[in-house]
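Sequence order for the protein chains is A and B.
Residue numbers for the first sequence follow numbering that gives the first Met the number 0, beginning at 0 and rising by one.
Residue numbers for the second sequence follow numbering that gives the first Met the number 0, beginning at 0 and rising by one.
The beta carbon of each residue, even a glycine, is placed where N, CA and C say it ideally should be.
Notes follow the structure.
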Amino acid sequence: METATLARPHNGAMVAPHRKVAIICSHGGLDEAYPSLILANAARQSGIECFVFFTFFGLDVITEKKLDHLHVNVAGNPTAPMPTIIAGLPGMEAFAAHMMKKQMEELDLPGVREMLQILDESGAELYACELAMKMFKREKEELIPQVKDVITAGDFYDLAEGAQIIFT
Amino acid sequence: MEIQERLDRLSAQMEFLVERQEKREETFDELSPLLREVMAVATGKLDDIEKRGWLKSIAALGEVAARVLDHYTADDVRALGEAIVSILDTVKALTQPEVLAIVGEAGEGLQHADEARPIGLFGMARASRNQDVKKGMAVLMELLRHVGRAAHAVAEKDGAKADRKTRLAATLGPRKKKALGIERTRVPRLPPHEPEKPKTNGHASTVIDGISFTADGHLADASQWTRALAENIATREGVALTAEHWRLVEAARNDFLQNKAAANIRKLTQISGLPTKEIYALFPKAPGRTIAKIAGTPKPVGCI
Numbered sequence: 000m001e002t003a004t005l006a007r008p009h010n011g012a013m014v015a016p017h018r019k020v021a022i023i024c025s026h027g028g029l030d031e032a033y034p035s036l037i038l039a040n041a042a043r044q045s046g047i048e049c050f051v052f053f054t055f056f057g058l059d060v061i062t063e064k065k066l067d068h069l070h071v072n073v074a075g076n077p078t079a080p081m082p083t084i085i086a087g088l089p090g091m092e093a094f095a096a097h098m099m100k101k102q103m104e105e106l107d108l109p110g111v112r113e114m115l116q117i118l119d120e121s122g123a124e125l126y127a128c129e130l131a132m133k134m135f136k137r138e139k140e141e142l143i144p145q146v147k148d149v150i151t152a153g154d155f156y157d158l159a160e161g162a163q164i165i166f167t
Numbered sequence: 000m001e002i003q004e005r006l007d008r009l010s011a012q013m014e015f016l017v018e019r020q021e022k023r024e025e026t027f028d029e030l031s032p033l034l035r036e037v038m039a040v041a042t043g044k045l046d047d048i049e050k051r052g053w054l055k056s057i058a059a060l061g062e063v064a065a066r067v068l069d070h071y072t073a074d075d076v077r078a079l080g081e082a083i084v085s086i087l088d089t090v091k092a093l094t095q096p097e098v099l100a101i102v103g104e105a106g107e108g109l110q111h112a113d114e115a116r117p118i119g120l121f122g123m124a125r126a127s128r129n130q131d132v133k134k135g136m137a138v139l140m141e142l143l144r145h146v147g148r149a150a151h152a153v154a155e156k157d158g159a160k161a162d163r164k165t166r167l168a169a170t171l172g173p174r175k176k177k178a179l180g181i182e183r184t185r186v187p188r189l190p191p192h193e194p195e196k197p198k199t200n201g202h203a204s205t206v207i208d209g210i211s212f213t214a215d216g217h218l219a220d221a222s223q224w225t226r227a228l229a230e231n232i233a234t235r236e237g238v239a240l241t242a243e244h245w246r247l248v249e250a251a252r253n254d255f256l257q258n259k260a261a262a263n264i265r266k267l268t269q270i271s272g273l274p275t276k277e278i279y280a281l282f283p284k285a286p287g288r289t290i291a292k293i294a295g296t297p298k299p300v301g302c303i
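Quick look at the structure:
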């Protein structure tokens, strides 16, 4: 067996063009944060350069005090397994979040904090929205240390140069 | 002279008239017993008919006919004629003895409708325990199913008609509308884009030195894996294997042999003890897939 013959490119080892994705996370529900985090992680696993921009309620996902208590909104959600009149009862969101977390534990899915840690370690960059920070009167110190910077929408576009943008 | 003549003629005419009248009276006298008899019989018959209510019925029927004529045009009647077979079928189906028995029974129930007491949700639940109510519900459901199916069929027929219309419009060609001074033309449709797929021969796409690889570059037969082959694949992937690399590759290999499934990055961190960061540092480009390729396992599944 010769290395030379093996080293020639074939279908499986196609030289992929450099890919880059910019993911915007604009919601703070547990079920709404996961798509962003999983997409970002999958991008890194596939060797795609990636950064996540957290804005508006998405800021909760990277806020130290809040990210362990993200809830699932079931009221007014047509796919929720219960009617809105029941889903609107107090404590229902926490209950739904609890059920979802249990389900994810069964599947051995990492929690939000661990997902953010994995993203950071895998080389994905996390950014917070400056305007949203001002609106929610949040300081950079309140965010998790993995957040690289607080940027404006204009900065976002500079960063997203040549990237595919995903809004969640 | 002239007057005399005219008077003569007049008197002659008078005479003729009187004569005729006399004759008529005679005839009438002769006929009258006969007529009286006929009249008596006829009156009797009519009276009988009247007693039976025929005349009123006929008069009423006439009214009905008039009303029908008021409400239906000739076209309606023609359409009715075309549908007569299905109408007769329907009537026949509805007048089967079994159907009539059920309808009769239902009618009896309706007669006592005023005695029924109103019930709510719980009443409904309680009533649904009754066998007759259950059966009735089943019948109603079946009826609904039939009605629904028929409605579907009718809708489809209508849909086919509409479809024909659009097809006709398409054949007649696109219309150019000049609305607000802007001429809108149709944008020519591009042929559907088909991405070029790598041609695969079954599962294996490439055979290198007698070893076949899948379309995405993984070893087709995991049992063919050797350390030497791993080195070669690594070289092709642009990775120079060090002891650290080997630790991951061996962990992935052992895990695959144990679980018959390729480990993803999260699993790799658990079985190798290396943090995610280290794994990405060792295999910067798609670590999970690269490790799977080198370890001769299929592509890892899952998103994490």
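Nearest to L108 of chain A by C-alpha distance, out of B:M123, B:K266, B:A250, is B:K266. Cα atoms of Q12 of chain B and R23 of chain B: separation of roughly 17 Å, rounded to the nearest angstrom. Taking the CA atoms as reference points, S85 of chain B sits about 31 Å from A58 of chain B. Y126 of chain A sits buried, since 16 or more C-beta atoms from the chains shown fall within 10 Å of its C-beta. Taking a C-beta cut-off of 7 Å against chain B, the contacting residues of the stretch 95-109 of chain A are L108, P109, listed in chain order.
Inclusion of A227 of chain B and A294 of chain B in the CB contact set at 8 Å is not warranted, their separation being larger than that value. For L125 of chain A, no alpha helix (DSSP H) encloses it; the enclosing beta strand (DSSP E) starts and ends at 124-128. Listed in chain order, the positions of the stretch 115-135 of chain A with a beta carbon within less than 7 Å of a beta carbon of chain B are I117, E120, S121, G122. The beta carbon of A21 of chain A does not come within 8 Å of any beta carbon belonging to chain B, so the residue lies off that interface.
Scanning its chain for C-beta atoms nearer than 7 Å, with the 5 sequence neighbours on each side dropped, one finds around K298 of chain B the residues D215, H217, A261, R288, A291, in chain order. At least one beta carbon of chain B lies nearer than 8 Å to the beta carbon of Q44 of chain A. For N40 of chain A, the neighbours in chain B by C-beta distance under 8 Å run, in chain order, C302, I303.
For the pair of segments examined, the stretch 117-125 of chain A was found to touch the stretch 33-48 of chain A: the number of CB pairs separated by less than 8 Å reaches three.
Under DSSP, K19 of chain A takes part in a beta bridge, and its partners are A:E48. Taking C-beta atoms as the reference points, I22 of chain A and I165 of chain A count as a pair closer than 8 Å. Close CB contacts of S127 of chain B within its chain, under the 8 Å cut and outside five residues either way in sequence, are with K133, M136 (chain order).
S271 of chain B counts as buried, since no fewer than 16 other beta carbons sit within 10 angstroms of its beta carbon.
Taking 8 Å as the cut-off, the Cβ atoms of V20 of chain A and S35 of chain A do not count as close. The beta carbon of I37 of chain A falls within 8 Å of a beta carbon belonging to chain B, placing the residue at that interface.
In this structure, the CA atom of G52 of chain B is about 33 Å from the CA atom of R77 of chain B.
Boundaries of the beta strand (DSSP E) around I165 of chain A: 163-166.
Ranked by how close their Cα comes to the Cα of R112 of chain A, the residues A:E31, A:T62, A:R18 have A:T62 in first place. Counting along the chain, K101 of chain A sits inside the alpha helix (DSSP H) bounded by residues 91-105.
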